[in-house]
Each structure stands twice: as structure tokens, then as C-alpha cells.
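Chains as they are written, first to last, in the working numbering: chain A, 1 to 365; chain B, 1001 to 1072.
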């Protein structure tokens, strides 16, 4: 059994599709003829009325009808001219013409894949690099089912072979391709004409040229932020060279959402930033160190401070020899600072003896 | 003589046109694209690359496609 030639099979299929499209889109000349007939009837009616008016001697009416008749004749003239312009007849290309188009794809793109089962034609472009960003080669697929429905750029599927999608939108593999569909821009009309006329080589080449051209005016994702990441705090997309990494949590943040530790100069995000009691901005590590130091200082102060919240008494080291083990024996006198000697304490003597005026406490047994 | 001329610039054009015998590819380009440079276009004759001095024959198929076309 003779092996099927994919290119010949594809050419036949494409010719059938183009024939169906041509019949479907055939312009209807009936509306133009009905318009002409309508204008002709207006002329006939106007002529009858003019004859009646003239027969009855109504000259003023006849003059008015004559003016209207003149306008109706001009309308007939215009309608007949419109009905006579033949629509531009574009013949359906032959199978050999379409086969030549597929051979041109072979030469232009270094190969063409034709899938009889999946019914599409597939070519691969050269690697695309736009503004030093490598986007890789793209596969341009013309799907027969899509072509039967619409003869424009949407009949094509654009697949990234070595995808380098935008950081903010993984469905955008090219500034002008999203969800594997090309936004053709200036190429939209020439692509549509090329497809409807069976110039498949031109259609594929037009798409190839769009893929190799960057339009900074209206991309899906700007190349300036192609490799950027979203700020973890505010969500804005940052260009690759203007993002900061928090030294504590490791997240990517924009410049507006990062701070610097005033002690160690580390970069920290707003969420990790903290302050000490003096309002100094600190990273978590410096904050921890500061807290520990503060705690140690506090403990040291606590050890040197007596258990009394009376601020006039200054802690003095206690002589071990004067410590008494007998509860009955009086406690040793604590020297009182000179500035406190005149202070009047409620329930106590000025000399701080603590005996005069104090309630006598029963001695411990 | 009559050739088939395809211009994929702008809105696109594809139709038979009359040209003088002995017209070269370069002369046709200069006539149809007076303010453009050939180096900015892919020029094909009968679906093959062509030089500027190639003489066109009756029934030749000439196509001109811009190298840079902006998408949206």
C-alpha cells in the first residue's frame, strides 16, 4: 500500500477548508438589487403623481413633484451603480499551489511537521531573544479545525519550546503571547488576508516576524520586569535588579518595603523589623541581643538593690559578723544617709531607729 | 508583462500587476516601496530568496514581508 504523503494530504485538506470558507463568506448581492427595485418604484409613483397634477392644472404641485422625481432618478442611478460592481473574485488555490506553500515552509524554517491525526501543521522558529532576554524557540502550529472557523491569527497556536515565561505570569511566554495565542497587532490584517487566500507561507512568516519583534507600547508583560518577582509585602512586581532580600526571613521585597538595622546595617523587611526601648530600628538578632543585654543589666541591678522600695535607703554590704542568728537579739543598726536624717517618716523616728512610735511587735518565740 | 505581487506591509496586498519587461527585483521594490530599505524586508521570488538584480519573468510571484512587525 502506498505510503500517504503528509504534505499532499495536508494540501488537499487545506484546499477543502478554503473552499468551504469561500462559499460561506460569499457576499450576498440580493440586498443591493432590492434597493434598486425600491428606488425604481419611487420613480414610477412620482411619475404617475406628476402626470395627474399636470392633467388637473395643479402647476405648483406638479413643479414640486418634478423636483422629487429628479431626486428619485438620481437615487436609482446610484443604486444601479452599486448593484453592478462585481465582488472581487479570489479563486481557491490549487492543491499544487498549497503544496508549494508547504515546501516553502520547509525551506524557510528548516522543516515542517504535519500531523494527520492531530490535523495541524507545525514549524519551529529560531531561538528568540528580545532585549537580551532569551525566550527560546517557538512552535507555530496551524490547526485545521481552528482555520475552518476563523481565518486570522487565532487559527494558530504558539508553543514555547524552551519556555522562559514572565515571572509575574507563567502563561505569558513572550511579550505578545499569552495562553499560547499571539496578539498579532500590525500583522493581524496581513495574516488574515494570507490565510484566506491560501498563502500559508506568508502567514507563518508574518507570525515569525512578530515573535522576533518587541513592541514596548503594548506587551502582555513588559520585558523590563520579565524576570522580576512580586514583592512579598505589597505585591508589586519588581525588576530583577531592584529587589532586596530580607536577611532574616529570606523573602524578596521592593525597596519601599525594606529597612536597615541601625546596629548591624542588615537589610530587613518591615515585618521582621523591630525597635528597642529607645526607638532604634533593629533586626531580630540585634533586638534579641539588646533584650538579653537589657535583661542582664536589670538582673545585675536587682542583685545590688535591697528588698525595699523605699528610695532613701542605700543598700550597704552586710557584715557577716554582725549577722545575728538569735531572733531575740536586736538587729544591727543600719547607718542612715545624712540627707535622710531629717525626713519625717510616718510611724517612725527621724533618726531612723525605727523604735519610737512603732508598734511593739511580740518577740519571736 | 503580468506578475503576481504580494506586499505584506501594512494591510497587505496580493494581486496581479503589470510591469515592464526586464524589470528587476530591485527596481520593482524601489517603485513600490520608495521610502523603504530592501534590507528591512524579506523579498522572495517564486517563494525563494532573490537578489536585487534578478530579472522578473512573466508570471513571477514576488512577495515582500517586513522583518519587523509589532504585535500587541
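Cβ atoms here follow ideal geometry from the backbone N, Cα and C, with glycine treated the same way.
Just so you know, these numbers come straight off a predicted model, no measurement behind them.
Subject >> Cβ-based contacts, 7 angstroms cut-off: residues of the region 1005-1033 of chain B near chain A >> reply: 1006, 1008, 1011, 1012, 1014
Original post:
From residue 1050(B) to residue 1025(B), what does the alpha carbon distance come to, in whole angstroms?
Top reply: About 8 angstroms.
**OP:** Would you decide whether residue 101(A) is buried or exposed? Buried here means 16 or more other CB atoms lie within 10 Å of its CB.
**Re:** buried
Subject >> Cross-strand partners of residue 212(A) (DSSP beta bridge) >> reply: Paired residue(s): none; residue 212(A) is not in a bridge.
**OP:** Work out the CA separation of residue 221(A) and residue 237(A) for me, nearest whole Å.
**Re:** 11 angstroms
Original post:
Using 8 angstroms as the threshold, is the region 109-116 of chain A in touch with the region 167-184 of chain A, meaning 3 or more CB pairs across them?
Top reply: no
Subject >> For residue 257(A) and residue 115(A), the rounded distance between their alpha carbons >> reply: 52 angstroms
**OP:** Kindly list, in the order they appear in chain A, the residues whose Cβ is closer than 7 angstroms to that of residue 1069(B).
**Re:** 186, 187, 206, 209, 210, 213
Subject >> Proximal residues of chain A, C-beta to C-beta of residue 1056(B) below 9 angstroms >> reply: Those within 9 angstroms of residue 1056(B) in chain A number zero; the least Cβ separation is about 18 angstroms.
Original post:
Which residues, in order along the region 90-110 of chain A, keep a beta-carbon less than 8 angstroms from a beta-carbon of chain C?
Top reply: Given the protein chain composition of this structure (A and B), no chain C is represented.
**OP:** Assign residue 40(A) to one of three DSSP states: helix, strand, or coil.
**Re:** helix
Original post:
Where does the unbroken alpha helix (DSSP H) through residue 1002(B) begin, and where does it stop?
Top reply: First-last for residue 1002(B): 1002-1007, but that is the beta strand (DSSP E), not the alpha helix (DSSP H).
Subject >> Residues of its chain near residue 1016(B), where Cβ-Cβ distance is below 8 angstroms and the 5 sequence neighbours each way are ignored >> reply: 1002, 1003, 1004, 1005
Subject >> Run of the alpha helix (DSSP H) containing residue 286(A), from where it starts to where it stops >> reply: 284-304
Original post:
Alpha carbon to alpha carbon, how far is residue 16(A) from residue 154(A)?
Top reply: The alpha-carbon atoms of residue 16(A) and residue 154(A) are separated by roughly 19 angstroms.
Subject >> C-alpha gap between residue 294(A) and residue 259(A), whole angstroms >> reply: Inter-residue distance for residue 294(A) and residue 259(A) is about 24 angstroms (C-alpha atoms, whole angstroms).
Subject >> Backbone CA spacing between residue 1070(B) and residue 254(A) [nearest angstrom] >> reply: 31 angstroms
Original post:
Shorter than 8 angstroms from the beta carbon of residue 1084(B) to some beta carbon of chain A?
Top reply: Residue 1084(B) is absent from the structure shown; chain B starts at 1001 and stops at 1072.
**OP:** For residue 138(A), write down the residues that DSSP places opposite it in a beta bridge.
**Re:** Within the DSSP bridge table, the entry for residue 138(A) names 160(A) as partners.
Subject >> Buried versus exposed, by CB contacts within 10 Å (16 or more), residue 278(A) >> reply: exposed
**OP:** Mind checking which residues open and close the beta strand (DSSP E) that includes residue 1018(B)?
**Re:** 1013-1018
Original post:
DSSP on residue 1043(B), reduced to helix/strand/coil?
Top reply: strand
Original post:
Is the beta carbon of residue 111(A) within less than 7 angstroms of some heavy atom of the ligand ATP?
Top reply: Within the structure as shown, the ligand ATP is missing, as the structure has no ligands at all.
Original post:
Taking the C-alpha atoms as reference points, what is the distance between residue 262(A) and residue 302(A)?
Top reply: 29 angstroms
Original post:
For residue 238(A), which of helix, strand or coil comes out of DSSP?
Top reply: Judged by DSSP in its simplified three-state form, residue 238(A) adopts strand.
**OP:** Indicate the three-state DSSP secondary structure (helix, strand or coil) for residue 183(A) in the structure shown.
**Re:** coil
**OP:** May I ask which residues mark the beginning and end of the alpha helix (DSSP H) holding residue 1066(B)?
**Re:** Not the alpha helix (DSSP H): residue 1066(B) falls in the beta strand (DSSP E), residues 1061-1066.
**OP:** Identify whether residue 93(A) lies in helix, strand or coil by the three-state DSSP scheme.
**Re:** The answer is coil: DSSP assigns residue 93(A) none of H, G, I, E or B.
**OP:** Determine the extent of the alpha helix (DSSP H) in which residue 1051(B) is found, giving its start and end residues.
**Re:** From DSSP, residue 1051(B) is part of no alpha helix (DSSP H); its letter is neither H nor E.
**OP:** Output the boundary residues of the beta strand (DSSP E) element that contains residue 193(A).
**Re:** Element bounds for residue 193(A): not the beta strand (DSSP E) but the alpha helix (DSSP H), 188-196.
Original post:
Should residue 10(A) and residue 191(A) be called a contact, given that it needs their Cβ atoms to be closer than 8 angstroms?
Top reply: no
Subject >> Paired residues, beta bridge with residue 253(A) - DSSP >> reply: 244(A)
**OP:** Please compile the residues from chain A whose C-beta is within a distance smaller than 8 angstroms of the C-beta of residue 1066(B).
**Re:** 209
**OP:** Enumerate in chain order the residues of its own chain whose CB-to-CB distance from residue 1065(B) is below 7 angstroms, with the five nearest sequence positions on each side excluded.
**Re:** 1008, 1041, 1042
Original post:
In terms of alpha-carbon separation, which member of 203(A), 213(A), 68(A) lies closest to residue 143(A)?
Top reply: 203(A)
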